[in-house]
Amino acid sequence: MPQSGGFPADFLWGTATAAYQIEGAVREDGRGASIWDTFSHTLGKIADGANGDVACDHYHRWRDDIKLMQEIGIRSYRLSIAWPRVMPSGSGALNQQGLDFYERVIEGLLEAGITPAVTLYHWDLPQTLQNRGGWPARATAETFANYADTMVRRLGDRVQRWITHNEPWCTSMLGHLLGEHAPGERDLGKALAAAHHVLLSHGLATQAIRATNSKLEVGITLNLTPGDPASDREADQQATQTFDGFFNRWFLDPLAGRGYPQDMQTLYGAAMPQVEPNDLAVIATPTDFLGINYYTRAIIAYDANEPLQFAQRGPEKLRGEGAEITEMGWEVYPQGLGDLLLRVHREYGPKTLYVTENGAAFADEVGADGQVHDPARTRYLHAHFAEAERVIQAGVPLRGYYVWSLMDNFEWAFGYTKRFGITYVDYTTQERILKDSGRWYQEVIAENANVEPR
Ligand code: IFM
């Protein structure tokens with residue numbers, strides 16, 4: 503295959519968003535409520551007291567947003583379907599108006615020459631299903647598989663690439679252990695049950711999708727964060743292993759058919775979820791690709807006061823040590839992406855890999871010239887693209903890269919206070935301004951190479 507700058511000619515340069523973060527129109531055309539509607543409307547849960555009621559108003563502005571992507575030269579767009587928009591109570595009757603919206607968007611993308619990649623679950627569980635127990639309830643896994651199958655029956659003739667779940671760690675741990683995301687629980691047992699049922703639902707959905715249409719590509723997206731020990735002390739090394747088990751291996755291992763990691767099972771003890779005899783085989787149903795979302799690494803030290811006896815080094819300390827830190831408090835550590843991709847390739851060997859998210863939040867502002875100059879984001883992406891290039895050269899089957907995000911949007915518990923977009927959104931007027939990083943990305947795609955920032 504002809505190479506240019508280290509990327510295959512058909513490399514999928516993409517960008518990603520998620521329904522609740524951009525669509526708005528939460529009460530329009532028969533959409534049902536999701537756990538994020540409930541959570542964001544609960545006092546004190548979102549930093550700026552905001553919610554996704556309007557967000558980027560993408561529900562009404564999708565045509566312009568597709569034009570924008572076309573202008574940038576985006577080859578593939580990763581969007582998510584809001585489950586409660588198409589099935590207001592999670593199962594049963596389809597909401598045709600909701601489905602029509604996604605049909606319009608998908609057709610608009612195809613007309614614009616942009617390949618859609620659809621995520622079925624990016625955190626907006628129908629509230630009705632939450633009322634019946636949510637992800638900690640086993641029945642939710644079956645209900646999800648049914649929803650997935652219905653979507654594929656309706657859209658599978660136009661959408662080739664399907665991602666069952668986005669970031670099961672966040673659904674389970676941020677949502678059910680740390681209480682920072684919907685539904686805001688703080689219970690290890692519930693979190694582990696949620697993780698198990700999310701993984702089970704992925705396997706069931708993959709099987710259902712395959713039975714309906716064997717030609718489609720199906721995979722899952724994990725957010726993986728490599729850990730590095732704070733020192734070479736034995737205790738820090740051990741703590742880093744635990745962190746890795748908690749964050750990465752708990753999901754990678756069962757998907758690869760290895761079951762849940764033994765060290766973590768021992769640690770979780772009585773909080774371990776109920777695993778039925780065939781569950782692990784279902785979870786390990788072969789997929790076509792693995793999506794990886796990478797933002798940063800974690801530096802880990804032993805801490806006897808923490809429930810799992812590890813603590814992550816905080817942003818102040820990292821800054822004090824000279825690290826560059828984004829607005830999220832995350833270290834800029836590009837090498838972590840390359841090392842992670844190499845590790846996953848060598849240790850787990852998925853057929854194909856995509857970086858389904860990578861990007862950074864910075865405090866962007868519109869300048870006196872009406873433009874948004876965000877050199878730190880361009881530097882961030884440039885350095886991470888270089889890592890992608892490095893590992894492709896080393897034989898990692900990385901086929902695409904989705905920058906998070908097409909535009910600034912509702913950053914969950916942080917509301918609108920964090921801007922990840924390569925496009926700036928003025929939330930008062932809904933004006934979009936392509937940032938300098940977006941213009942640079944345009945050049946990257948045009949050249950199919952990691953263009954040096956000017
Ligand atoms: O905005 C989120 C996205 O929804 C999931 N992955 C991480 C992003 C940045 O925090």
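Residue numbers for the sequence shown, in our numbering: 503 to 956. Using N, Cα and C, we set each Cβ at its ideal position, and we do this for glycine too.
Rounded to whole angstroms, the Cβ separation of S578 and G516 is 4 Å, and the two are in contact under 8 Å.
Taking all protein chains shown into account, E913 has 16 or more neighbouring C-beta atoms within 10 Å of its C-beta and is therefore buried.
If you draw a straight line from the Cα of P628 to the Cα of G897, it comes to about 41 Å. Here DSSP, grouped into helix, strand and coil, assigns G532 to coil. Residue pairing by DSSP places W585 opposite no residue, since no beta bridge is assigned to it.
Going by C-alpha positions, R735 is about 21 Å away from L769. Per DSSP, the beta bridge partners of V857 are I794 and Y903. Residue pairing by DSSP places V620 opposite L581 and W664 in a beta bridge. Of all C-beta pairs linking the segment 650-669 to the segment 691-705, three or more are shorter than 8 Å, placing the two stretches in contact. Shown here, L514 sits in a strand according to DSSP, grouped into three states. In this structure, Q814 has its CB at a distance of at least 8 Å from all heavy atoms of the ligand IFM. Look at I827 here: in three-state DSSP terms it is strand.
For H886, the Cβ stays outside the 8 Å cut-off from all heavy atoms of the ligand IFM. Judged by their CB atoms, A863 and T828 are nearer to each other than the 9 Å cut-off.
Take L810, set aside five residues on each side of it, and the residues of its chain with a beta-carbon closer than 7 Å to its own are T744, F748 and L769, in chain order. When DSSP assignments are scanned along the segment 719-779, the uninterrupted stretches of alpha helix (DSSP H) that are 4 or more residues long and fall wholly within it turn out to be 736-746, 752-757 and 764-770. Around the beta carbon of D871, a 10 Å sphere encloses fewer than 16 other beta carbons of the protein chains shown; the residue is thus reported as exposed. Bridge pairing for R934: V927 [DSSP]. As computed with DSSP, A951 is found in no beta bridge at all. Pairwise C-beta distances place the segment 814-822 out of contact with the segment 845-863, as fewer than three of them are shorter than 8 Å. Taking the C-beta atoms as reference points, S542 is found nearer than 9 Å to N553.
For the options A713, V654, D738 and H624, the alpha carbon positioned closest to that of E669 is the one of H624. For F887, the enclosing alpha helix (DSSP H) has its first and last residue at P877 to Q895.
In this structure, Y926 has its CB at a distance of at least 8 Å from all heavy atoms of the ligand IFM. Residues of the same chain with a CB within less than 6 Å of the CB of L631, apart from the 5 flanking positions on each side, are G592 and T642 in chain order. Counting only residues of its own chain and dropping the five nearest sequence neighbours on each side, G721 has a CB closer than 7 Å to the CB of I665, T789, D790, F791, L792 and G793. Apart from the 5 residues on each side of it in sequence, L820 sits with its Cβ closer than 8 Å to the Cβ of I801, I827 and E833 in its chain, given in chain order. Taking C-beta separations shorter than 8 Å and ignoring five residues to either side along the sequence, the partners of P763 in its chain run G747, R751, W752 and D755, following chain order. For the 9 Å CB-CB criterion, P638 and L581 do not form a contact. Each residue's CA atom was taken as its position, placing Y797 and M909 some 17 Å apart. Around the beta carbon of A521, 16 or more other beta carbons lie within 10 angstroms, which makes this residue buried. Take E525, set aside five residues on each side of it, and the residues of its chain with a beta-carbon closer than 7 Å to its own are A557, H560, Y561 and A584, in chain order. Excluding five sequence positions before and after G831, the CB atoms of its chain that fall closer than 8 Å to its own CB belong to G816 and P817, given in chain order. The Cβ atoms of A915 and H667 lie no closer than 9 Å to each other.
Taking a C-beta distance under 9 Å as the contact criterion, V661 and I616 do not qualify as a contact pair.
Taking non-hydrogen atoms of the ligand IFM into account, the C-beta of F922 is found less than 8 Å away from one of them.
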